[in-house]
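Protein chains in written order, with the UniProt record's numbering: chain A, 1 to 486; chain B, 1 to 199.
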C-alpha cells in the first residue's frame, strides 16, 4: 500500500537554465532587478550572491593570455616563451613577477625553473662529435641542443622525449632529460623540436589548458564538452552560469554551487557522503511509515509537510513529528540536538553518536536534494492542475502563471537550504552555530509554508502567496548575508 | 623507438657489468631474453640495515619507450620494507615514476633501490601495514625485516622465537608464508594472528 502526497515546486534546473537573453526573466531570480518601482540599488551591496563575470571563447582567452605575455615580455625584455613559464608559475601576476625580477632576477629564474640552481659547466673539449647520453649514439655537435642548464642531448632524443611526455598529457611541466635537473622546456624550445602536426596541436591544447588552470581569474566551464571559459576579476566562491551549456557552478572550485558552505567544506562533505553512502542509503530509504497509522508512504514531491491520505495525520517528513509543532514560529526539525553528556560516554557510544549526528545532517541533505530532483515531475503536475482549473473556468492560463514563478523561487530556496546542512555539520558548537541553526530553521519553515501554499493554491488571488515568497527569499538572503563568507 | 631502447640497454648492461659495484658484489644484472625487454637485477642488502647479508632479486621490464619512460621494476624476493609491497613486490620510488630522467640508467636505478633499503620513506608508503610498524614499533620492524631477509634472501640472522611461532601455525594447517605475513602484521602476537587467519 502506498499513500502519495503531492507537493509542488518548480524544477531547479529549469530555473537555472534561464539566462538574460533567451528566457523570460520571470523565473530568473538571480539575475533580474525584479522590482522596477523601487529605485535602483547597488546589487553588489544588497545581494550576497552578486557576482560579476563574463563567458569567454577559446579565442578570447588566447587573446587575453597573449596580451599578458606581451606586457611581461616587453616589460622584462625576455622572450614570450620565457614570459609564459614565469606567468604560469606565478598565477599570471605580472606585477609580482616584475617586482621579483627587479629585486633578484637570478632567484626568480631559478625558483621558476628557467635557470638551473647550480652554474652549469660548459662542455669541454673541441671534438666535432659527441655521444648523446640518451641514445648513446655519437653524432656531429651541430645536432645537439640544450636548455639553459647546458645538458646536451641530440635533436632526435629531444623530439622523442617531448612526444612521450605529450602523449602522457604533460606539457608545461616537461623538463630537461638529465638526472636531477629540473629546468623546464619553454614553449619555443618544444615546438622547435616537434615536427608532427598532431603532436604540435596536442601540445598547444595541453599548454592552453594548463595556462587557464593556473590563471586565478579564469575557470573552464565544468559542463560536458563545453569549451567556454568563465572570467571574473574577483575570483570568489560564487555562483556562475555558463552562457553556452547553462551549467551552474562555483567559480572557485568548479563544483556544483554550494553557498553558504565553502569549497573546502563541501568537498569534505561530499567525500564523506560517498564513503558512508551504504549506511546512509539504508537509513534514508525512499519510503517512511506514517507515524500515526503506520501506512507506508512514498514521497514523490518536494514538500515536507505531509498529510497521510489514510488517516489525515499532518506530520513532517524530516522528523516524522506532528506538523502542528512546525507551524509555529519556532521550527526546530532542522536542528541536531547534541547529547550534552557525550564526553563521559564510552568510545562505542561516542561512535554511535557521531554516526547519528552525521545521519541527521545527511538525511536532511538527501531529502532536499531528492525534493529538487523531483521538481521536473512536480512542475508537470502543476501544469496539469492549472489546466484543470482553466478548463473549469477558474481564471486563465496567464492568471495562474504566478505559480510557476513561485515554484522557481521555491527551488532556489530549497537549493540553498540543502547546502546549509554540510555547513551546519562542520560548525563548532557555540552561539554562532545556534544562530545559524535558528536561521536555517526559519528558512526551512518558510520554505515548507511556501511549498504547501503552492500546492494548495485554489484561487488566482496571489497576494498571500507572493507575501510568502517574499518572506522565504528574505530568510534566504539574510542567512547568506550573515554566513556566506567568500 | 624500440631501437633506442635495445641500444641503450645493451650499452647499460655493459656499463653495469664493468662497474665497480659489481666488483664489490653490490649489484648485478642478467639478461632474461634476447630482445633486451626484460632483465633480472640483483642487489645486496646494504650494511647496517636489517637487509644486510641478503640478496634481493628484481624483475626489470623495459618499456618500448625506454629511456624516455622509466623501466618497470619490482622485487621478486619477498621483503619487509615500508616502500615495497610485501605481497606483490611493487616499489614506491620517485625515480621510477615522475622523477625519472631519460639520462638515468639501470645502474642508477639499482643504486637508488639499494639506497631505499638503507633509508625508507615511511611517509610515502607502498605497504601501509609495514609503514605503520616502522613508525610505531621500530624494534619490532627491525626484527621482522631481519627475519624476512633470513628466510627469503639468505640473510644470516635466525630468529628462533619467530620460527617457532610459524611452526606452530603450520602445524595447525596454515601455509607457511601466510602464517609469516599474519604474524608480521600483528607484531608476532600469536593470538591476534591466529584470529585473523581463522576468521
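In this text, a Cβ means the ideal position worked out from N, Cα and C, and glycines have one as well.
Who are the near neighbours of residue i in its chain, counting only those whose CB is closer than 6 Å to its CB and skipping five residues on each side?
{"i": "residue 6 of chain B", "result": "36"}
{"i": "residue 425 of chain A", "result": "361"}
{"i": "residue 33 of chain B", "result": "none"}
{"i": "residue 105 of chain B", "result": "12"}
{"i": "residue 98 of chain A", "result": "75"}
{"i": "residue 40 of chain B", "result": "30, 32"}
Is it the case that the Cβ atoms of residue i and residue j are separated by a distance below 8 Å?
{"i": "residue 449 of chain A", "j": "residue 418 of chain A", "result": "no"}
{"i": "residue 100 of chain B", "j": "residue 184 of chain B", "result": "no"}
{"i": "residue 364 of chain A", "j": "residue 427 of chain A", "result": "no"}
{"i": "residue 238 of chain A", "j": "residue 249 of chain A", "result": "no"}
{"i": "residue 500 of chain A", "j": "residue 132 of chain A", "result": "Because chain A in this structure spans residues 1 to 486, residue 500 of chain A falls outside the shown range and cannot be described."}
{"i": "residue 129 of chain A", "j": "residue 171 of chain A", "result": "no"}
{"i": "residue 259 of chain A", "j": "residue 443 of chain A", "result": "no"}
{"i": "residue 8 of chain B", "j": "residue 66 of chain B", "result": "yes"}
{"i": "residue 306 of chain A", "j": "residue 295 of chain A", "result": "no"}
{"i": "residue 114 of chain A", "j": "residue 136 of chain A", "result": "no"}
Could you tell me if residue i is buried or exposed, where buried requires 16 or more neighbouring beta carbons within 10 angstroms of its beta carbon?
{"i": "residue 421 of chain A", "result": "buried"}
{"i": "residue 50 of chain A", "result": "exposed"}
{"i": "residue 28 of chain A", "result": "In this predicted model, residue 28 of chain A has a pLDDT of only 48, less than 50, meaning its place in the structure is not dependable; the value taken from the coordinates is given anyway. By the neighbour-count rule (16 or more Cβ atoms within 10 Å), residue 28 of chain A is buried."}
{"i": "residue 316 of chain A", "result": "buried"}
{"i": "residue 201 of chain A", "result": "exposed"}
{"i": "residue 435 of chain A", "result": "exposed"}
{"i": "residue 456 of chain A", "result": "exposed"}
{"i": "residue 87 of chain B", "result": "exposed"}
{"i": "residue 176 of chain A", "result": "buried"}
{"i": "residue 43 of chain A", "result": "exposed"}
{"i": "residue 186 of chain A", "result": "buried"}
{"i": "residue 77 of chain A", "result": "exposed"}
{"i": "residue 165 of chain A", "result": "buried"}
{"i": "residue 459 of chain A", "result": "exposed"}
{"i": "residue 121 of chain A", "result": "exposed"}
{"i": "residue 107 of chain A", "result": "exposed"}
{"i": "residue 412 of chain A", "result": "buried"}
{"i": "residue 484 of chain A", "result": "buried"}
{"i": "residue 45 of chain A", "result": "exposed"}
Can you tell me the Cα-Cα spacing of residue i and residue j, whole angstroms?
{"i": "residue 162 of chain B", "j": "residue 152 of chain B", "result": "14 Å"}
{"i": "residue 353 of chain A", "j": "residue 361 of chain A", "result": "13 Å"}
{"i": "residue 144 of chain B", "j": "residue 75 of chain B", "result": "17 Å"}
{"i": "residue 93 of chain B", "j": "residue 116 of chain A", "result": "24 Å"}
{"i": "residue 267 of chain A", "j": "residue 389 of chain A", "result": "45 Å"}
{"i": "residue 22 of chain A", "j": "residue 472 of chain A", "result": "Summary for residue 22 of chain A: the model assigns pLDDT 43, below 50, so the residue's position carries little reliability; its value from the coordinates is reported in the next sentence. C-alpha separation (whole angstroms): 27 Å."}
{"i": "residue 189 of chain B", "j": "residue 197 of chain B", "result": "12 Å"}
{"i": "residue 137 of chain B", "j": "residue 70 of chain B", "result": "34 Å"}
{"i": "residue 372 of chain A", "j": "residue 264 of chain A", "result": "23 Å"}
{"i": "residue 90 of chain B", "j": "residue 126 of chain B", "result": "8 Å"}
{"i": "residue 216 of chain B", "j": "residue 188 of chain A", "result": "Outside the displayed range of chain B (1 to 199) lies residue 216 of chain B, so it cannot be described from this structure."}
{"i": "residue 73 of chain B", "j": "residue 148 of chain A", "result": "32 Å"}
{"i": "residue 13 of chain B", "j": "residue 29 of chain B", "result": "7 Å"}
{"i": "residue 167 of chain B", "j": "residue 45 of chain B", "result": "26 Å"}
{"i": "residue 366 of chain A", "j": "residue 130 of chain B", "result": "39 Å"}
{"i": "residue 193 of chain B", "j": "residue 123 of chain B", "result": "26 Å"}
{"i": "residue 56 of chain A", "j": "residue 423 of chain A", "result": "32 Å"}
{"i": "residue 410 of chain A", "j": "residue 222 of chain A", "result": "25 Å"}
{"i": "residue 290 of chain A", "j": "residue 169 of chain B", "result": "56 Å"}
{"i": "residue 470 of chain A", "j": "residue 65 of chain A", "result": "44 Å"}
{"i": "residue 253 of chain A", "j": "residue 324 of chain A", "result": "41 Å"}
{"i": "residue 79 of chain A", "j": "residue 225 of chain A", "result": "34 Å"}
{"i": "residue 199 of chain A", "j": "residue 31 of chain B", "result": "35 Å"}
{"i": "residue 17 of chain B", "j": "residue 53 of chain B", "result": "21 Å"}
{"i": "residue 256 of chain A", "j": "residue 370 of chain A", "result": "15 Å"}
{"i": "residue 155 of chain B", "j": "residue 146 of chain B", "result": "7 Å"}
Between residue i and the rest of its own chain, which residues show a CB-CB distance below 7 Å, the 5 nearest in sequence each way excluded?
{"i": "residue 61 of chain A", "result": "212, 218, 229"}
{"i": "residue 142 of chain A", "result": "none"}
{"i": "residue 387 of chain A", "result": "none"}
{"i": "residue 177 of chain B", "result": "none"}
{"i": "residue 88 of chain A", "result": "172, 210, 211, 214"}
What do you reckon, is the C-beta of residue i under 7 Å from a heavy atom of the ligand COA?
{"i": "residue 454 of chain A", "result": "The ligand COA is not part of the structure shown, which contains no ligands of any sort."}
I'd like the list of long-range same chain contacts for residue i, defined as Cβ closer than 8 Å, with 5 residues on each side in sequence excluded.
{"i": "residue 158 of chain B", "result": "150"}
{"i": "residue 206 of chain A", "result": "166, 169, 170, 171, 172"}
{"i": "residue 462 of chain A", "result": "402"}
{"i": "residue 140 of chain B", "result": "133, 187, 188"}
Next on the checklist: Using a Cβ distance threshold of 8 Å, determine whether the region 182 to 200 of chain A contacts the region 157 to 172 of chain A, with at least three qualifying pairs required.
Outcome noted: yes
Checklist entry - Can at least three beta-carbon pairs, one atom from the region 111 to 131 of chain B and one from the region 41 to 60 of chain B, be found at a separation below 8 Å? => result yes
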